[in-house]
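Student: Please read through the structure below; I'll follow up with questions.
Residue numbers (the numbering used here), protein chains in the order written: chain A, 1 to 265; chain B, 266 to 530.
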């Protein structure tokens with residue numbers, strides 16, 4: 001998503017040329033290029049697929065809507081397996097129109113997870129619950145903290161349900177370090193993503209995730225927190241940024257790789 | 266601030282005509298009309314001044330900057346006393362340019378509070394620490410939760426330092442109800458403010474606070490939480506909203522009073 005202006009083949013080509021060893025994919029561009037074709041492309045290129053984004057959106061109320069959401073998540077699990085990644089990232093959904101009830105929405109998520117886990121187990125896929133920044137609680141994700149995400153994950157085996165730690169969403173939270181320690185000790189950190197916090201936020205608050213080093217986050221400190229739990233894995237950089245999307249995708253990928261080297265290590 | 270388009274005399278006149286018994290004031294319009302003149306105006310009108318907004322901005326680093334901030338807060342305390350309110354609301358400030366350190370910024374606030382409390386005690390004013398929504402953590406307020414605000418307040422007597430509970434800032438937080446119970450039991454709820462959460466957020470994320478009833482918040486439930494602690498006081502409606510500011514101020518005040526009656530009680 002950081003370089004959504006690149007087609008899947010262009011992305012894979014750029015990763016290979018820039019020695020980026022692993023990539024997180026999103027469902028829409030994968031579908032556009034074709035699932036099997038994408039799987040073959042990344043496999044032939046020797047790229048690791050770190051995760052597939054995204055399932056989720058499990059807060060709806062009507063039975064038809066809920067059945068559609070579950071079917072879509074099962075399809076996403078299948079797609080993750082086909083792409084050779086073990087991780088499907090879940091963005092869980094906001095409040096239905098007119099709803100005032102965060103607690104009930106979170107309860108519907110818990111119910112839906114129980115229905116999805118058996119299918120994930122069959123496919124060898126783990127679900128990574130991503131808490132989103134509280135500014136998205138109404139319209140995108142009623143799960144706003146790592147503590148809440150862990151509470152949803154804990155009824156299930158760590159190999160099936162864990163959390164996605166995205167610095168953009170949790171950096172403000174003084175309880176995040178303790179939650180990371182707890183998640184890591186339990187083997188529940190299934191994804192670790194980076195974006196910087198820059199202001200002012202753009203209208204809609206969605207597409208202002210800063211390039212690493214442009215904002216207020218200390219990525220070495222966040223990496224140290226995660227790796228102190230024994231976690232070792234590929235770290236993703238996930239930027240939604242109108243400015244970056246307007247530029248040449250290969251140049252943005254090269255810049256991101258350079259910032260990753262200088263800001264994270 | 267809900268009707269910032271009204272001058273202080275127009276505001277006081279509208280409150281009287283609409284039977285709004287109490288009003289929270291901001292320093293800038295008070296200064297514009299004159300402190301003594303405003304104090305006389307509200308007193309003669311029989312209006313209660315619920316609070317003065319705002320002191321704070323205590324996260325700066327240089328000694329000159331910190332001395333200026335402390336002097337400004339002492340002046341704000343004096344202004345609150347002159348206006349006949351016992352409550353100064355504090356918005357504590359964001360990260361200095363280039364800073365990555367929320368923890369150090371919060372520590373500077375704690376130090377500054379210790380320097381301000383004696384002056385507040387002399388004037389009979391209490392300081393209300395307002396946690397702001399986490400989307401403002403970088404640029405406006407590094408204190409993002411009621412738990413954090415309470416931790417800053419607790420070293421001081423409840424009659425001197427407490428918290429401001431603003432639904433807009435805390436509604437997403439599953440720990441807010443427990444924090445309200447704790448704050449109320451300790452006599453530390455010094456201000457209770459309402460605004461609704463509506464989406465999409467405008468650019469800058471500052472001026473999209475919704476009119477009561479337009480968004481996702483259940484104000485009866487929030488009032489019940491606060492009043493369950495034994496708290497009784499005037500409830501403020503504080504809306505920063507470009508749409509409301511563009512309308513006739515008296516009409517907005519009348520609408521707000523009507524929504525207050527229908528949504529909160």
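Backbone N, C-alpha and C fix where the C-beta goes; we use that ideal spot for every residue, glycine too.
Computed from a prediction, not measured in an experiment: that's the story for all the values here.
For residue 458 of chain B, which of helix, strand or coil comes out of DSSP?
Tutor: Strand at residue 458 of chain B.
Student: Whole-angstrom Cβ separation of residue 189 of chain A and residue 226 of chain A, contact assumed at under 8 Å?
Tutor: Their Cβ separation, rounded to whole angstroms, is 6 Å, which keeps residue 189 of chain A and residue 226 of chain A in contact under 8 Å.
Student: What three-state label does DSSP hand residue 351 of chain B in the structure shown?
Tutor: Of the three classes helix, strand and coil, the one that applies to residue 351 of chain B here is coil, per DSSP.
Student: Quick check: what's the CA-CA separation for residue 288 of chain B versus residue 521 of chain B?
Tutor: Those two C-alpha atoms are separated by around 13 Å.
Student: Fully enclosed by the stretch 302-354 of chain B, which alpha helix (DSSP H) runs are 4 residues long or longer?
Tutor: Counting only runs of 4 or more, we get 328-348.
Student: On the CB-based measure, 16 or more other CB atoms within 10 Å of its CB, does residue 262 of chain A come out buried or exposed?
Tutor: So residue 262 of chain A ends up on the exposed side.
Student: Determine whether the Cβ of residue 177 of chain A lies closer than 7 Å to any Cβ atom of chain B.
Tutor: Not an interface residue.
Student: Would you kindly work out how many angstroms separate the C-alpha atoms of residue 138 of chain A and residue 506 of chain B, rounded to a whole number?
Tutor: Taking the straight line joining both Cα atoms gives about 18 Å.
Student: Identify the residues that DSSP records as bridge partners of residue 374 of chain B: which are they?
Tutor: Paired residue(s): none; residue 374 of chain B is not in a bridge.
Student: Looking at the unbroken beta strand (DSSP E) that takes in residue 22 of chain A, where does it start and where does it end?
Tutor: Its beta strand (DSSP E) spans residues 22-26.
Student: If I follow the unbroken alpha helix (DSSP H) through residue 223 of chain A, where does it start and stop?
Tutor: Per DSSP, residue 223 of chain A belongs to the alpha helix (DSSP H) from 219-227.
Student: Check the Cβ-Cβ distances between residue 35 of chain A and every residue of chain B, and say whether any is below 7 Å.
Tutor: Taking Cβ atoms only, chain B never reaches closer than 7 Å to residue 35 of chain A, which makes this a no.
Student: Please go through the same chain and pick out, in chain order, the residues whose beta-carbon is closer than 6 Å to the beta-carbon of residue 429 of chain B, but skip the five residues on each side of it.
Tutor: Cβ neighbours of residue 429 of chain B beyond the five flanking positions: 354, 393, 395, 456.
Student: Quick check on the burial criterion: 16 or more other C-beta atoms within 10 angstroms. Buried or exposed for residue 389 of chain B?
Tutor: Flag for residue 389 of chain B reads exposed.
Student: Taking residue 471 of chain B as the reference, which of B/487, B/441, B/504 has the closest Cα?
Tutor: It is B/504 whose Cα lies nearest to the Cα of residue 471 of chain B.
Student: Just reading off the beta strand (DSSP E) that residue 394 of chain B is part of, what are its end residues?
Tutor: Segment 391-394, the beta strand (DSSP E) holding residue 394 of chain B.
Student: Find out if the Cβ-Cβ distance for the pair residue 481 of chain B, residue 496 of chain B is shorter than 7 Å.
Tutor: No, the pair does not count as a contact, with Cβ atoms beyond the cut-off.
Student: I believe residue 109 of chain A touches residue 59 of chain A by the beta-carbon criterion, under 8 Å. Please report the beta-carbon distance rounded to the nearest angstrom.
Tutor: Sure, about 6 Å apart at Cβ, within 8 Å.
Student: Are the C-beta atoms of residue 266 of chain A and some chain B residue less than 7 Å apart?
Tutor: Here chain A covers residues 1 to 265 and nothing more, so residue 266 of chain A does not appear.
Student: Give the residues of chain B in contact with residue 216 of chain A, contact being defined as C-beta atoms less than 8 Å apart.
Tutor: 360, 364, 365, 403, listed in chain order.
Student: Does residue 313 of chain B have its Cβ less than 7 Å from a Cβ in chain A?
Tutor: Not one chain A Cβ lies under 7 Å of residue 313 of chain B.
Student: In this structure, does DSSP put residue 166 of chain A in helix, strand or coil?
Tutor: Residue 166 of chain A: strand per DSSP, three-state reduction.
Student: Start and end of the alpha helix (DSSP H) containing residue 258 of chain A?
Tutor: Per DSSP, residue 258 of chain A belongs to the alpha helix (DSSP H) from 249-264.
Student: Cutting at 6 Å between CB atoms, please list the residues of its own chain near residue 61 of chain A, excluding the five before and the five after it.
Tutor: Correct list, in chain order: 96.
Student: So which residues on chain A does residue 472 of chain B lean against when the C-beta distance must stay under 7 Å?
Tutor: Simply none; closest approach about 11 Å.
Student: Should residue 73 of chain A and residue 93 of chain A be called a contact, given that it needs their Cβ atoms to be closer than 7 Å?
Tutor: Not closer than 7 Å, so no.
Student: If you reduce the DSSP assignment to three classes, tell me which class residue 184 of chain A lands in.
Tutor: Correct three-state label for residue 184 of chain A: helix.
Student: Apart from the five residues on each side of it in sequence, which residues of its chain come closer than 7 Å, Cβ to Cβ, to residue 259 of chain A?
Tutor: Contacts found: 211, 212, 213.
Student: Please compile the residues from chain A whose C-beta is within a distance smaller than 8 Å of the C-beta of residue 509 of chain B.
Tutor: Those within 8 Å of residue 509 of chain B in chain A number zero; the least Cβ separation is about 18 Å.
Student: Return the bridge partner residues of residue 408 of chain B from the DSSP annotation.
Tutor: Partner(s): none; residue 408 of chain B has no beta bridge.
Student: Verify whether the separation of the beta carbon atoms of residue 344 of chain B and residue 381 of chain B is less than 7 Å.
Tutor: Cβ distance not < 7 Å, so residue 344 of chain B and residue 381 of chain B don't count as in contact.
Student: Residues of chain B with a CB under 7 Å from the CB of residue 197 of chain A: which are they?
Tutor: What residue 197 of chain A touches in chain B: 403.
Student: So which residues on chain A does residue 413 of chain B lean against when the C-beta distance must stay under 8 Å?
Tutor: Chain A residues near residue 413 of chain B: 174.
Student: Would you say residue 134 of chain A reaches chain B, if we count a Cβ-Cβ gap shorter than 7 Å as a contact?
Tutor: So yes, residue 134 of chain A belongs to the interface.
Student: For residue 503 of chain B, which three-state DSSP category applies?
Tutor: It is coil, neither helix nor strand.
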